[in-house]
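A.B. asks: Can you read through this structure? Questions will come right after.
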Amino acid sequence: MNPLKSGTLDLALLAALQEQPRYGLDILKQVNARSGGLFDLREGSLYPALHRLVKAGWVESEWQPSDRGGAPRKVYRLTDSGRAALDAKREEWRTLRGALDALLLGRLRA
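All the letters of the sequence shown, read from the start, carry residue numbers 1 to 110 under UniProt numbering.
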């Protein structure tokens, strides 16, 4: 099972860009490494999702020369509205996590 299919892909990508701009494969490595490989994000899911985030205005991209002298790379960065979306999605996640914890652990929610 790939947990990113359950609607958390946008949150994962926005979080991967919160610290610094990144190019596509660096985003992929960041998500996979920070999730301990649980998400197993692939290029076939990454680039359509990034395009959707750019279209939403949450992420912007620009071509930059490679630091290794190779072909230029498209670098993605959060916009101000992307940071706001990340904050909102984090709060949604906290709410969902709290509700699921209450359900699964048999606790009453306040």
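Just so you know, even glycine gets a beta-carbon here, dropped at the ideal spot from N, CA and C.
All values derive from a computational prediction rather than experimental measurement.
1) Could you say which of Trp58, Leu78 and Lys29 lies nearest to Leu46 if we only look at CA atoms?
2) Among Arg68, Arg107 and Gly82, which has the Cα closest to the Cα of Leu50?
3) Note down the Cα distance separating Asp101 from Leu53, rounded to an integer number of angstroms.
4) On the three-pair Cβ rule with 8 Å, is the segment 88 to 103 touching the segment 53 to 64?
5) Drop a sphere of 10 angstroms on the beta-carbon of Ala99, count the other beta-carbons inside from all chains shown, and report buried for 16 or more, exposed for fewer.
6) Could you tell me the distance, in whole angstroms, from the CA atom of Gly67 to the CA atom of Arg107?
7) Alpha carbon to alpha carbon, how far is Pro65 from Arg94? Give it in angstroms, no decimals.
8) Which value, in whole angstroms, describes the spacing of the CA atoms of Glu19 and Leu78?
9) Can you name, in chain order, every residue of its own chain whose Cβ lies under 8 Å from the Cβ of Ser61, other than the five neighbours on each side?
10) Using C-beta distances below 6 Å, list every residue in its chain close to Leu9, excluding the 5 sequence neighbours before and after it, in chain order.
11) So, is Trp63 buried or exposed, given that buried needs 16 or more other C-beta atoms within 10 angstroms?
C.D. replies: So, from the data block:
1) Lys29
2) Gly82
3) 29 Å
4) no
5) exposed
6) The sequence given here has Asp at residue 67, not Gly. Going from the Cα of Asp67 to the Cα of Arg107 covers about 52 Å.
7) 38 Å
8) 9 Å
9) Leu50, Val54, Lys74, Val75, Tyr76 and Arg77
10) Ala49
11) exposed
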